[in-house]
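Enquirer: Dropping the structure in here first, questions after.
The structure is reproduced here in structure tokens:
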């Protein structure tokens with residue numbers, strides 16, 4: 001059930017990517033489209049792990065007849081605990097206390113799913 005809930009976000013993000021990369025538009029039109037729809041990809045695809053971890057915890061808790069919101073919150077919190085809050089800048093400096101968007105996208109999806117299943121199971125028992 002959780003994947004059905006996230007499919008509309010993936011479809012919207014995919015449509016935005018396709019529109020931004022249509023081959024028959026000129027460079028000026030592509031620049032305008034990128035300005036209009038450029039954040040659509042970041043707003044959907046780059047934070048997909050957030051929705052996936054919360055959704056897995058929510059629906060797993062509901063299947064155990066436990067309040068789903070709390071199961072989703074526990075799963076999402078466990079994912080954030082496992083996510084590094086440090087990154088290197090382009091200049092090579094270490095920055096702490098920040099959350100990199102790449103870990104919230106496809107890079108963090110696998111660890112997010114594992115964390116959501118484990119945290120959801122522990123919460124429901």
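Residue numbers (the UniProt record's numbering): 1 to 125. Using N, Cα and C, we set each Cβ at its ideal position, and we do this for glycine too. Computed from a predicted structure; not experimentally measured.
#1: Out of 84, 55 and 94, which one is the CA nearest neighbour of residue 75?
#2: Kindly indicate if chain D contains any beta-carbon less than 8 Å away from that of residue 25.
#3: Hey, would you say residue 47 sits closer than 8 Å to residue 58, going by beta carbons?
#4: Is DSSP giving residue 18 helix, strand or coil here?
#5: Tell me where the alpha helix (DSSP H) around residue 29 begins and ends.
#6: Can you check which of these residues, 77, 100 and 26, is closest to residue 87 by C-alpha distance?
#7: Indicate whether the contact test is met: 3 or more Cβ pairs, each with one atom in the region 22-34 and one in the region 77-85, closer than 8 Å.
#8: Could you tell me the alpha carbon to alpha carbon distance between residue 53 and residue 89, rounded to whole angstroms?
#9: Check whether the Cβ atoms of residue 120 and residue 40 sit closer than 8 Å, and answer yes or no.
#10: Within 10 angstroms of its Cβ, does residue 16 collect 16 or more other Cβ (buried), or is it exposed?
#11: Can you tell me the Cα-Cα spacing of residue 66 and residue 124, whole angstroms?
#12: Please determine, among 82, 61 and 113, the residue with the shortest C-alpha to C-alpha distance to residue 122.
#13: Whose CA, out of 73, 42 and 115, lies closest to the CA of residue 9?
Expert: Taking the geometry as given:
#1: Start at 1 with the first residue of the chain shown, and residue 75 comes out as number 75. Among 84, 55 and 94, the Cα nearest to that of residue 75 is on 55.
#2: Absence of chain D from the displayed structure is noted, only one protein chain being present.
#3: Residue 47 sits at position 47 when you count from the first residue of the chain shown. Residue 58 sits at position 58 when you count from the first residue of the chain shown. Taking 8 Å as the Cβ cut-off, residue 47 and residue 58 do not qualify as a contacting pair.
#4: Start at 1 with the first residue of the chain shown, and residue 18 comes out as number 18. Helix, per DSSP.
#5: Along the chain shown, one-based indexing puts residue 29 at 29. Residues 27-44.
#6: Locating residue 87 in the chain shown gives position 87, counting from the first residue. Nearest option by C-alpha distance: 100.
#7: no
#8: Sequence index remark: in the chain shown, residue 53 carries index 53 (1-based). Sequence index remark: in the chain shown, residue 89 carries index 89 (1-based). Straight-line Cα distance between these residues: approximately 27 Å.
#9: Translated into positions along the chain shown, residue 120 becomes position 120. Translated into positions along the chain shown, residue 40 becomes position 40. No, these two residues do not count as a Cβ contact at 8 Å.
#10: Within the chain shown, residue 16 is the residue found at index 16, counting from 1. The residue is buried, with at least 16 neighbouring Cβ atoms inside 10 Å.
#11: Taking the first residue of the chain shown as position 1, residue 66 is located at position 66. Taking the first residue of the chain shown as position 1, residue 124 is located at position 124. If you take the alpha carbons of residue 66 and residue 124, they lie about 7 Å apart.
#12: Taking the first residue of the chain shown as position 1, residue 122 is located at position 122. It is 61.
#13: As a first step, residue 9 is located in the chain shown; it is residue number 9 there, counting from the start. Nearest of 73, 42 and 115 to residue 9, Cα basis: 42.
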